[in-house]
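Mapped onto the working numbering, the consecutive letters of the sequence shown carry residue numbers -13 to 63.
First up is the structure itself, then whatever we jot down about it.
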Amino acid sequence: MESQIQLLKNHFEKGRSITQLQASIQYGVGRLASRINDLIHEGYPIQSEFVTVKKANGKKTRVKKYYKTTTTKKQRL
């Protein structure tokens, strides 16, 4: 069984971004921000931005989306 870190690395290597909800549904990652922090401490190039999404009730909310960058500079999340 692959670790959550490895699952996320594989996801990012495919050029995909991910949100907490996606990570929870696709990979069972309950604390995405913690796994992202682990990746950053390993030197993995991660960047984040807030995106607006529509909730089930139709209202909008902002969530953080993470993605791989081409630089290894540590980013403050």
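Here a beta-carbon is modelled for each residue, glycine too, at the ideal position from N, C-alpha and C.
(message) Please return the same chain residues whose Cβ sits closer than 8 Å to the Cβ of Asp24, not counting the five positions on each side in sequence.
(response) In the sequence shown, the residue the question calls residue 24 occupies position 38. Within the same chain, Asp24 has close Cβ partners Ile(-9).
(message) Tell me which residue opens and which closes the beta strand (DSSP E) that Lys45 is part of.
(response) As a working mapping, residue 45 is identified with position 59 in the sequence shown. Going by DSSP, Lys45 is part of no beta strand (DSSP E) at all; its letter is neither H nor E.
(message) Less than 8 Å between the beta carbons of Lys102 and Lys40, yes or no?
(response) Any property of residue 102 remains undetermined from this structure, which presents the chain solely from -13 to 63.
(request) Taking Lys0 as part of the alpha helix (DSSP H), name the residues at either end of that continuous run. (result) Locating residue 0 in the sequence shown gives position 14, counting from the first residue. In the DSSP assignment, Lys0 falls outside any alpha helix (DSSP H), carrying neither H nor E.
(request) State the Cα-Cα distance for the pair Glu28 and Asn43, rounded to the nearest angstrom. (result) Translated into the one-based positions of the sequence shown, residue 28 becomes position 42. Translated into the one-based positions of the sequence shown, residue 43 becomes position 57. Rounded to the nearest angstrom, the two C-alpha atoms are 38 Å apart.
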